[in-house]
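What follows is a single structure, written as structure tokens, with notes after it.
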Amino acid sequence: MKHSIELDIGNVMNKLICPYCKSSQLMSHIYEKVDQYLFNGNIVCLSCHKQYPIVNGIFYMHPIKCRGTKHNWNKHYCLRKVNVDVRHFSDIRTFLTYFSLGRLAIKSGIRCNNSIEIGSGTGTYSLWLKKLKIINNAYLVDVSENAIKASQELFRELDEKAYFVLADGLALPFRDKSFDLSLSGGLIEHFDEEERQNIVHEHCRVSNKVLCQIPLNNPAYWVGRYLQCLFYRGWPFGYEKPSSLREIEKMFSAENFLVEFVSYHDLLTAAAFRLSKKFCERNPLKNKGYVNKIFRHEVVVYAYERHNRNKRHAYEKKF
Ligand SMILES: [Zn+2]
Numbered sequence: 040m041k042h043s044i045e046l047d048i049g050n051v052m053n054k055l056i057c058p059y060c061k062s063s064q065l066m067s068h069i070y071e072k073v074d075q076y077l078f079n080g081n082i083v084c085l086s087c088h089k090q091y092p093i094v095n096g097i098f099y100m101h102p103i104k105c106r107g108t109k110h111n112w113n114k115h116y117c118l119r120k121v122n123v124d125v126r127h128f129s130d131i132r133t134f135l136t137y138f139s140l141g142r143l144a145i146k147s148g149i150r151c152n153n154s155i156e157i158g159s160g161t162g163t164y165s166l167w168l169k170k171l172k173i174i175n176n177a178y179l180v181d182v183s184e185n186a187i188k189a190s191q192e193l194f195r196e197l198d199e200k201a202y203f204v205l206a207d208g209l210a211l212p213f214r215d216k217s218f219d220l221s222l223s224g225g226l227i228e229h230f231d232e233e234e235r236q237n238i239v240h241e242h243c244r245v246s247n248k249v250l251c252q253i254p255l256n257n258p259a260y261w262v263g264r265y266l267q268c269l270f271y272r273g274w275p276f277g278y279e280k281p282s283s284l285r286e287i288e289k290m291f292s293a294e295n296f297l298v299e300f301v302s303y304h305d306l307l308t309a310a311a312f313r314l315s316k317k318f319c320e321r322n323p324l325k326n327k328g329y330v331n332k333i334f335r336h337e338v339v340v341y342a343y344e345r346h347n348r349n350k351r352h353a354y355e356k357k358f
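So the sequence shown is residues 40 to 358, counted in this note's numbering.
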């Protein structure tokens, strides 16, 4: 049974801005409605008169180009791969391999209505948070059309509702602080130093709470990467540079955000979740027994905005 709740266009329009002129004076026209998920129309900017199509429920807010990496993410998320993933993701054990972000969200006490996942790929992190009832309305944003279509397909198959927006994570078409939470996993490491700060800036601009999962620059990461290179016969994820926790804290500090909670993703716990159905039944998010420091290869941080009137930004927004 599909959700009876319809996607709320008004909710989207209250958040969107024109990606070119940054105006919030936008008007939407829905001229065809196939069902509650699939509708066609467009959005017109009343300031610069640019038009943005809505095709099959996806908002095409014109990414300028795929920046930050030469990697072809659109090819990466080919639809053929996604059809397999739909079956794969309906297994709770698959969700549990993403346990760190969910556990940190519970620990930090987040409960929010509107969230945005930047560089959402197949939207797995948002799916996890929806399953845990931490978020309600999930906005998924990616620069790759195939990734967005893949996540839409996945959400439909798993009977979950979300808003799908094709846009550039370095220049999000959303108003300041229009979300209760911004999140990303496996995104920041794909940008070089300067763009990395810029993408953190965008996380912090659209929300005052941020959840991020980022690879750690440690031996576990490099061993894992080496093994993946052997498995895939080369590195399949384009430019990727892991960070230290100190570097991550510095990036958030430049945006006047404070990293309050930290959690680690380790391969041993992930493998235990993946292999054991019994283990999953015993509320694994509360179980810390398997967390092993040696296998830690990614860190999850929860950062929130410091309440400071003399807020300064280390980086000027360039777009
Ligand atoms: Zn405009």
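The C-beta atom is built at its ideal place from N, Cα and C for all residues, glycine as well.
Hey, residue i and residue j are a contact pair by Cβ (cut 8 Å); roughly how many whole angstroms apart?
| i | j | result |
| --- | --- | --- |
| residue 220 | residue 200 | Not a contact, Cβ separation roughly 17 Å. |
| residue 180 | residue 140 | Incorrect: roughly 17 Å between the Cβ atoms, too far for contact. |
| residue 339 | residue 250 | 7 Å |
| residue 253 | residue 227 | 5 Å |
| residue 239 | residue 291 | 6 Å |
| residue 193 | residue 162 | 6 Å |
Check each candidate in the options and name the one with the smallest Cα separation from residue i.
| i | options | result |
| --- | --- | --- |
| residue 66 | 78, 76 and 52 | 52 |
| residue 177 | 223, 290 and 275 | 223 |
| residue 50 | 234, 229, 338 and 213 | 213 |
| residue 90 | 64, 71 and 75 | 64 |
| residue 217 | 336, 56 and 47 | 56 |
| residue 154 | 166, 85 and 291 | 166 |
| residue 88 | 76, 72 and 59 | 59 |
| residue 236 | 225, 289, 266 and 265 | 289 |
| residue 344 | 82, 96, 169 and 243 | 243 |
| residue 307 | 333, 158 and 171 | 333 |
| residue 71 | 92, 265 and 197 | 92 |
| residue 286 | 232, 302 and 266 | 232 |
| residue 174 | 182, 198, 149 and 197 | 149 |
Would the beta-carbon of residue i be found less than 7 Å away from any heavy atom of ligand 1?
| i | result |
| --- | --- |
| residue 62 | yes |
| residue 89 | yes |
| residue 315 | no |
| residue 86 | yes |
| residue 59 | yes |
What span of residues does the beta strand (DSSP E) with residue i cover, start to end?
| i | result |
| --- | --- |
| residue 213 | Residue 213 -> no beta strand (DSSP E), and no H or E assigned at all. |
| residue 299 | 296 to 305 |
| residue 343 | 335 to 344 |
| residue 252 | 248 to 254 |
| residue 201 | 201 to 205 |
| residue 157 | 151 to 157 |
Less than 8 Å between the C-beta atoms of residue i and residue j, yes or no?
| i | j | result |
| --- | --- | --- |
| residue 270 | residue 147 | no |
| residue 278 | residue 229 | yes |
| residue 209 | residue 184 | no |
| residue 94 | residue 113 | no |
| residue 136 | residue 312 | yes |
| residue 159 | residue 129 | no |
| residue 294 | residue 157 | no |
Which residues mark the beginning and the end of the alpha helix (DSSP H) in which residue i is found?
| i | result |
| --- | --- |
| residue 50 | 48 to 52 |
| residue 140 | 138 to 146 |
| residue 263 | 258 to 271 |
| residue 228 | Unbroken run through residue 228: none, as it is neither H nor E. |
| residue 187 | 184 to 196 |
| residue 288 | 284 to 293 |
When every heavy atom of ligand 3 is checked, does at least one fall within less than 7 Å of the C-beta of residue i?
| i | result |
| --- | --- |
| residue 342 | Only ligand 1 can be found as ligands here, which leaves ligand 3 out of the picture. |
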